[in-house]
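S.K.:
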Amino acid sequence: DTEVTQTPKHLVMGMTNKKSLKCEQHMGHRAMYWYKQKAKKPPELMFVYSYEKLSINESVPSRFSPECPNSSLLNLHLHALQPEDSALYLCASSQDTVGYYNEQFFGPGTRLTVL
Amino acid sequence: GQNIDQPTEMTATEGAIVQINCTYQTSGFNGLFWYQQHAGEAPTFLSYNVLDGLEEKGRFSSFLSRSKGYSYLLLKELQMKDSASYLCAVGDLGNKLTFGTGTQLKVEL
Chain A
188 DTEVTQTPKH LVMGMTNKKS LKCEQHMGHR AMYWYKQKAK KPPELMFVYS
238 YEKLSINESV PSRFSPECPN SSLLNLHLHA LQPEDSALYL CASSQDTVGY
288 YNEQFFGPGT RLTVL
Chain B
97 GQNIDQPTEM TATEGAIVQI NCTYQTSGFN GLFWYQQHAG EAPTFLSYNV
147 LDGLEEKGRF SSFLSRSKGY SYLLLKELQM KDSASYLCAV GDLGNKLTFG
197 TGTQLKVEL
């Protein structure tokens, strides 16, 4: 299995809602990532988990809360989002975060719209 | 931090060869990655260079010069399906990727 899967594909939520994005990989990778991508812009890193521990938080607002229940799963909990948070949220995984040849493999993304 | 530059747009003809350049300034370097992204889809990994020189993979090749902070992606025998955005990304020692703004390639008949 060489896939990273993400659910849901699309999500529409109000500013008072609480929702979660889910990501899963079965490649035995020990590093997982959340990115945010706005239209016609490159992906921007949000969080990195290495061996199920949060290793990088790119000063992301607390209304985004990541969680790594086990080495195959990564969640992103959303609460009290703003319309400007509407974007494509991409999950990625890699073998590790140290050493070489740790290319990141991306899931298909969740397209989030905040009303 | 990282500063990465690549052209915004390029146009090429089906069957031709195109070279997409990327220059970077970095405070920590653990390799340079190229990704392809079709509109509305996720980025797909194309190549990785950590040592100077050329890496060839089918119709795609990527070159790196660390001393010049320069890389290029070479696409041969262009096909219509190669129309996409090509993202240059620099990885640091923690495998954090910083992406360039992407080069939108349009392949025409």
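Heads up: the sequence lines are chains A and B, in that order. Quick note, the first sequence lines up with residues 188 to 302 if you use our numbering. Quick note, the second sequence lines up with residues 97 to 205 if you use our numbering. We put the beta carbon where it would ideally sit given N, CA and C, even for glycine.
1) Could you check which residue in A/Cys278, A/Asn204 and A/Arg217 has the C-alpha nearest to that of asparagine 257 of chain A?
2) Would you call the segment 195 to 204 of chain B and the segment 109 to 117 of chain B touching, i.e. three or more CB-CB distances under 8 Å?
3) Look at the alpha carbon of methionine 219 of chain A and the alpha carbon of glycine 296 of chain A, and state the distance between them as a whole number of angstroms.
4) At a CB-CB cut-off below 9 Å, which residues of chain B make contact with glutamine 291 of chain A?
5) Nearest to aspartate 188 of chain B by alpha carbon, out of B/Asn145, B/Thr104, B/Thr122 and B/Tyr131?
6) Look up aspartate 188 of chain B in the DSSP assignment and say whether it is helix, strand or coil.
7) I'd like to check one pair, alanine 138 of chain B with phenylalanine 234 of chain A: are the Cβ atoms closer than 9 Å?
8) Does proline 253 of chain A come out as helix, strand or coil in the three-state DSSP assignment?
9) Contact check, alanine 180 of chain B vs glutamine 115 of chain B under 8 Å by CB: the rounded distance?
10) Quick one: list the residues of chain A neighbouring tyrosine 144 of chain B, beta-carbon separation under 7 Å, in chain order.
11) Between the C-alpha atoms of valine 146 of chain B and leucine 183 of chain B, what's the straight-line distance to the nearest angstrom?
12) Whose CA, out of A/Leu260, A/Leu198 and A/Met202, lies closest to the CA of cysteine 278 of chain A?
13) Could you tell me whether the Cβ of glycine 201 of chain A comes closer than 9 Å to any Cβ of chain B?
14) Does the separation of the CB atoms of glutamate 254 of chain A and asparagine 244 of chain A fall below 9 Å?
15) What does the Cβ neighbour count give for threonine 199 of chain B, buried or exposed, with the cut at 16 atoms within 10 Å?
16) Between tyrosine 144 of chain B and glycine 127 of chain B, which are expected to be in contact by the criterion C-beta below 8 Å, what is the C-beta distance as a whole number of angstroms?
17) Could you check how far apart the C-beta atoms of leucine 268 of chain A and methionine 200 of chain A are, in whole angstroms? I think they sit under 8 Å.
18) So with CB distances below 8 Å, who are the chain B contacts of valine 235 of chain A?
19) With 8 Å as the limit, tell me which residues of the segment 241 to 274 of chain A have their beta carbon closer than that to any beta carbon of chain B; keep them in chain order.
M.R.: Based on what the coordinates show:
1) Position 70 of the first sequence, counted from the first residue, corresponds to residue 257 of chain A. The shortest Cα separation from asparagine 257 of chain A among A/Cys278, A/Asn204 and A/Arg217 belongs to A/Arg217.
2) yes
3) Taking the first residue of the first sequence as 1, we reach residue 219 of chain A at position 32. Taking the first residue of the first sequence as 1, we reach residue 296 of chain A at position 109. Taking the straight line joining both Cα atoms gives about 14 Å.
4) Taking the first sequence and counting its residues from 1, the one referred to as residue 291 of chain A is at position 104. Residues of chain B passing the Cβ test: Phe129, Tyr131, Pro139, Phe141, Ala185, Gly187, Asn191 and Leu193.
5) If you number the second sequence from 1, residue 188 of chain B lands on position 92. When each option's Cα is compared against that of aspartate 188 of chain B, the closest is B/Thr122.
6) Within the second sequence, the letter at position 92 stands for residue 188 of chain B. Aspartate 188 of chain B: coil per DSSP, three-state reduction.
7) Here residue 234 of chain A refers to the residue found at position 47 when the first sequence is read from its first residue. Here residue 138 of chain B refers to the residue found at position 42 when the second sequence is read from its first residue. No, the pair does not count as a contact, with Cβ atoms beyond the cut-off.
8) Translated into the one-based positions of the first sequence, residue 253 of chain A becomes position 66. Of the three classes helix, strand and coil, the one that applies to proline 253 of chain A here is strand, per DSSP.
9) Counted from its first residue, the second sequence places residue 180 of chain B at position 84. Counted from its first residue, the second sequence places residue 115 of chain B at position 19. At roughly 16 Å, the Cβ-Cβ gap does not stay under 8 Å, so alanine 180 of chain B and glutamine 115 of chain B are not in contact.
10) Position 48 of the second sequence, counted from the first residue, corresponds to residue 144 of chain B. Annotation: Cβ neighbours of tyrosine 144 of chain B in chain A (cutoff 7 Å, chain order): Tyr288 and Glu290.
11) For the purposes of this step, residue 146 of chain B is taken as residue 50 along the second sequence, with counting starting at 1. For the purposes of this step, residue 183 of chain B is taken as residue 87 along the second sequence, with counting starting at 1. The straight-line gap from Cα to Cα measures roughly 16 Å.
12) Here residue 278 of chain A corresponds to residue number 91 of the first sequence, with the count starting at 1. Of A/Leu260, A/Leu198 and A/Met202, the residue nearest in Cα terms is A/Leu260.
13) Here residue 201 of chain A corresponds to residue number 14 of the first sequence, with the count starting at 1. So no, glycine 201 of chain A is outside the interface.
14) Sequence index remark: in the first sequence, residue 254 of chain A carries index 67 (1-based). Sequence index remark: in the first sequence, residue 244 of chain A carries index 57 (1-based). No, Cβ-Cβ distance for glutamate 254 of chain A and asparagine 244 of chain A is not below 9 Å.
15) As a working note, residue 199 of chain B is residue 103 in the second sequence. Buried.
16) If you number the second sequence from 1, residue 144 of chain B lands on position 48. If you number the second sequence from 1, residue 127 of chain B lands on position 31. Yes, tyrosine 144 of chain B and glycine 127 of chain B are in contact; Cβ-Cβ is about 6 Å, under 8 Å.
17) Here residue 268 of chain A corresponds to residue number 81 of the first sequence, with the count starting at 1. Here residue 200 of chain A corresponds to residue number 13 of the first sequence, with the count starting at 1. That belief holds up - the Cβ atoms of leucine 268 of chain A and methionine 200 of chain A are roughly 7 Å apart, short of 8 Å.
18) Along the first sequence, read from residue 1 onward, the residue named residue 235 of chain A stands at position 48. Near valine 235 of chain A (Cβ distances below 8 Å), the residues of chain B are Gly190, Asn191 and Lys192.
19) Residues Ser242 and Ile243.
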